[in-house]
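Trainee: Quick one: structure below, then a few questions.
In this note's numbering, the protein residues as written are 755 to 941.
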């Protein structure tokens, strides 16, 4: 099973490490909003939130986990990445599971979207998530998710990928088939 784990999981061994994520602080808001605005300008995100909407959705919402990858040496206010997901309890058959639903995702230019996603998976798992719903937001197009191993796994933890409209006509149809749920064990 370990041999089949995707390249995303292997990033910690020998390759670049995923960024360290910490909760978003009010002082991070401007930098995170700039990342989301850049993603919106490139058509990767619907609309970038204003200051009040950002504070309401990402700083104050109790069920939303918003994390920032702070810059190592860059000036303050220039984060390496921003990710936000909501934790939801879902009843499946005879048990309850916690599902992490990706709400927002933006990597700074030159930063690895795959490594930011790996850091988000780790953060979701630490918060008790059994399922990570990785909607293709921002740089996480179906093709990128497939290339990082979200098409296969061992079935112990589910990562569901669905098409969010537009683009990527060459993406394999299996990703878009409702019966073809992708699987990835969370570390």
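Note that the Cβ used here is the ideal one computed from N, Cα and C, for glycine as well. Just so we're clear, the structure is a prediction, and the values are computed from it rather than from any experiment.
If you draw a straight line from the alpha carbon of residue 886 to that of residue 870, how long is it in whole angstroms?
Mentor: Computed Cα separation, rounded: 14 Å.
Trainee: What residue range does the beta strand (DSSP E) around residue 823 cover?
Mentor: Element bounds for residue 823: 818-823.
Trainee: So the beta strand (DSSP E) residue 834 belongs to, where does it begin and stop?
Mentor: From DSSP, residue 834 is part of no beta strand (DSSP E); its letter is neither H nor E.
Trainee: Residue 843 bridges to which residues according to DSSP?
Mentor: DSSP output for residue 843 lists 852 as bridge partner(s).
Trainee: Counting C-beta neighbours from all protein chains within 10 Å, is the total for residue 882 16 or more, i.e. buried, or is it exposed?
Mentor: The residue is exposed, with fewer than 16 neighbouring Cβ atoms inside 10 Å.
Trainee: Just the Cα atoms here: how many angstroms apart are residue 812 and residue 866?
Mentor: Cα to Cα, residue 812 sits roughly 22 Å from residue 866.
Trainee: Do you know how far the Cα of residue 851 is from the Cα of residue 787?
Mentor: Between residue 787 and residue 851, the C-alpha separation is close to 31 Å.
Trainee: Going by C-alpha to C-alpha distance, which of 818, 817 and 783 sits closest to residue 803?
Mentor: Cα-wise, what sits closest to residue 803 is 783.
Trainee: Are residue 836 and residue 790 closer than 8 Å when you measure CB to CB?
Mentor: In this structure, residue 790 lies closer than 8 Å to residue 836 by Cβ.
Trainee: How close, in whole Å, do the beta carbons of residue 839 and residue 854 come, if the pair is a contact with beta carbons under 8 Å?
Mentor: Sure, about 5 Å apart at Cβ, within 8 Å.
Trainee: Three-state secondary structure (DSSP) at residue 803?
Mentor: In this structure, residue 803 counts as coil in the three-state DSSP scheme.
Trainee: What is the DSSP secondary structure of residue 811, counted as helix, strand or coil?
Mentor: Three-state result, residue 811: helix.
Trainee: Can you tell which of 833, 844, 806 and 794 has its C-alpha closest to the C-alpha of residue 884?
Mentor: Considering only alpha carbons, the answer is 844.
Trainee: Verify whether the separation of the beta carbon atoms of residue 771 and residue 821 is less than 8 Å.
Mentor: Their beta carbons are not under 8 Å apart, which means residue 771 does not touch residue 821 by this criterion.
Trainee: What does the alpha-carbon distance come out to for the pair residue 792 and residue 859?
Mentor: Between residue 792 and residue 859, the C-alpha separation is close to 11 Å.
Trainee: Rank 857, 879, 862 and 775 by C-alpha distance to the C-alpha of residue 832 and give the top, closest one.
Mentor: Comparing Cα-Cα distances from residue 832 to each of 857, 879, 862 and 775, the minimum goes to 862.
Trainee: Going by C-alpha distance, which of 796, 816, 779 and 873 is nearest residue 841?
Mentor: Closest by alpha carbon: 816.
Trainee: For a test of the three-state rule: what should DSSP assign to residue 861, helix, strand or coil?
Mentor: Strand, per DSSP.
Trainee: Take residue 738 as the anchor and find which of 775, 780, 795 and 819 has the nearest alpha-carbon.
Mentor: Limits of the chain in this structure are 755 at one end and 941 at the other, which puts residue 738 out of reach.
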